[in-house]
Amino acid sequence: MSYLKDQGYDVSRIVSQVSQYENFSQELEKLKRELIEAKESLEKISQERETLDMLLREEYGLVDGLRNLKNDIEKLSIERDIVQSELSKYSEEVDSLKKEIEELTNMKFDLREINLLLQEKKRESEELGKKVEELKNELAELIGVEASIKEILTKQKELLEKVEVLEKEIKNKESIIDLLDGEMVAAYSVLKLLQDPEGGTVEDLEQLSQYIQKLVKVKKGEALAQKPLEPYLLDRVRKTLIDLVMPYLKKDFVPRWVFERVEKELKLLSEKRIALEEEIASLRRSIEERSRVEAVKPEHEKKVEIQSDLVAVSQDGVTSGLKSISEGRKARITCIYCREASIIALPSEAELEELSSQNMKLRFRCGKCGKTYDLQPDIILRKVRGE
Numbered sequence: 000m001s002y003l004k005d006q007g008y009d010v011s012r013i014v015s016q017v018s019q020y021e022n023f024s025q026e027l028e029k030l031k032r033e034l035i036e037a038k039e040s041l042e043k044i045s046q047e048r049e050t051l052d053m054l055l056r057e058e059y060g061l062v063d064g065l066r067n068l069k070n071d072i073e074k075l076s077i078e079r080d081i082v083q084s085e086l087s088k089y090s091e092e093v094d095s096l097k098k099e100i101e102e103l104t105n106m107k108f109d110l111r112e113i114n115l116l117l118q119e120k121k122r123e124s125e126e127l128g129k130k131v132e133e134l135k136n137e138l139a140e141l142i143g144v145e146a147s148i149k150e151i152l153t154k155q156k157e158l159l160e161k162v163e164v165l166e167k168e169i170k171n172k173e174s175i176i177d178l179l180d181g182e183m184v185a186a187y188s189v190l191k192l193l194q195d196p197e198g199g200t201v202e203d204l205e206q207l208s209q210y211i212q213k214l215v216k217v218k219k220g221e222a223l224a225q226k227p228l229e230p231y232l233l234d235r236v237r238k239t240l241i242d243l244v245m246p247y248l249k250k251d252f253v254p255r256w257v258f259e260r261v262e263k264e265l266k267l268l269s270e271k272r273i274a275l276e277e278e279i280a281s282l283r284r285s286i287e288e289r290s291r292v293e294a295v296k297p298e299h300e301k302k303v304e305i306q307s308d309l310v311a312v313s314q315d316g317v318t319s320g321l322k323s324i325s326e327g328r329k330a331r332i333t334c335i336y337c338r339e340a341s342i343i344a345l346p347s348e349a350e351l352e353e354l355s356s357q358n359m360k361l362r363f364r365c366g367k368c369g370k371t372y373d374l375q376p377d378i379i380l381r382k383v384r385g386e
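To convert, note that position 179 of the sequence shown is 178 in numbering that gives the first Met the number 0; the numbers rise steadily by one, no gaps.
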């Protein structure tokens, strides 16, 4: 059919003509059968007429019967002529339709050829159906692959969220380690004071003062990460103060259990510090392993770094810009309010020392929540130097 369409023929007209041709062929066959039956009936009637003629001539000699038979014969002859005329008419129509089909297609064929052509087109249609099924199967496989990719991306996102949680835990552990460092220094200072009741050095007293300042920051809410340690810090300060004043109350006598208790606490603090350092190292190894397993992250899933500000604040509350903000290192700071990490540029070490000597502070503004809080320059300086 597609071939006839490509040649510019009216396929629908050809199909209708072929259908009429088939109908006329069937009617022609039917008329032929009726004509044969009519001929047989006519011969039978002729035989009966001859028999009746003989009977009439022999027995009755009736003329009316012969006339009736003659009329019947004439009627049958007329019917035969009508059937023959119709048969010739149908034959002419069939021939005419055949000529029209040949003129339309410019080719000669019969009904067998048409059937063969139709069967061929059916086979082509079945082959196309098979190809469609194959394409459907391939499409289903592709859809399955797409679902697998989405599942992988979802797992990657979950892993990244876990990595962020681990990073926050690491930062919390680092702050606890810093606190334990201060506790160890304070415990060491107390131990030296107890060993030398006449008094300690200025450095020992400064370290003890810094230890007390950390507790003050916790009480003020400036160190939220260390807030869970507040009861422990209070107890430590109380015991430290008691141990500190005890040599002055009893100048010539210091119980042995005091030294043993301090040494025991110092040992416990050292063990805690080692355990926390091992835990941080384990968490870092876990992050590195997950980072290696992680595939290339899509652009739309990459986290945008939050831009935050850092300015200097005097004792009077006057803010000023940092001079060497572009000369220092960059560091990641976690907001104490929204717990989001930000990348900020730090001033140089010289400027940090200058700010610390002038008792100035650094004011950090979170780019995520917009809240601000103050940082001590000496703390940042120690972080930069790795102390």
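Here a beta-carbon is modelled for each residue, glycine too, at the ideal position from N, C-alpha and C.
Can you tell me whether residue 217 is buried or exposed? The criterion is at least 16 other CB atoms within 10 Å of its CB, across all chains shown.
buried
Just the C-alpha distance for residue 341 and residue 135, rounded to the nearest angstrom, thanks.
Cα to Cα, the separation comes out at about 49 angstroms.
Give the straight-line distance between the Cα atoms of residue 77 and residue 71, rounded to the nearest whole angstrom.
10 angstroms
Among 39, 382, 24, which has the Cα closest to the Cα of residue 86?
Distance from the Cα of residue 86 is smallest, within the candidate group 39, 382, 24, for 24.
Would you report the Cα separation of residue 225 and residue 170, rounded to the nearest angstrom?
If you take the alpha carbons of residue 225 and residue 170, they lie about 11 angstroms apart.
Return the CA-CA distance between residue 362 and residue 345, expressed in angstroms with no decimal places.
Note on geometry: alpha-carbon atoms of residue 362 and residue 345 lie some 12 angstroms from one another.
Around the Cβ of residue 36, are there at least 16 other Cβ atoms within 10 angstroms (buried) or fewer (exposed)?
exposed
Under 9 angstroms, do residue 312 and residue 377 count as touching if we go by C-beta distance?
no
If you draw a straight line from the C-alpha of residue 220 to the C-alpha of residue 214, how long is it?
10 angstroms
Residue 266 to residue 325, Cα distance in whole Å?
43 angstroms
I need the straight-line Cα distance from residue 227 to residue 288, nearest angstrom please.
Put simply, the backbone Cα of residue 227 is about 31 angstroms away from that of residue 288.
Would you mind reading off the limits of the alpha helix (DSSP H) that contains residue 322?
Residue 322 -> no alpha helix (DSSP H), and no H or E assigned at all.
State the beta-bridge partners of residue 360 as determined by DSSP.
DSSP output for residue 360 lists 312 as bridge partner(s).
Output the distance between the C-alpha atoms of residue 336 and residue 370, rounded to the nearest integer angstrom.
8 angstroms
Nearest CA to the CA of residue 382: which residue from 357, 358, 329, 356?
329
Return yes when the Cβ of residue 83 is within less than 9 angstroms of the Cβ of residue 41, no when it is not.
no
Taking only three categories from DSSP, how would you classify residue 329?
In the structure shown, residue 329 sits in a strand (DSSP, three-state: E or B).
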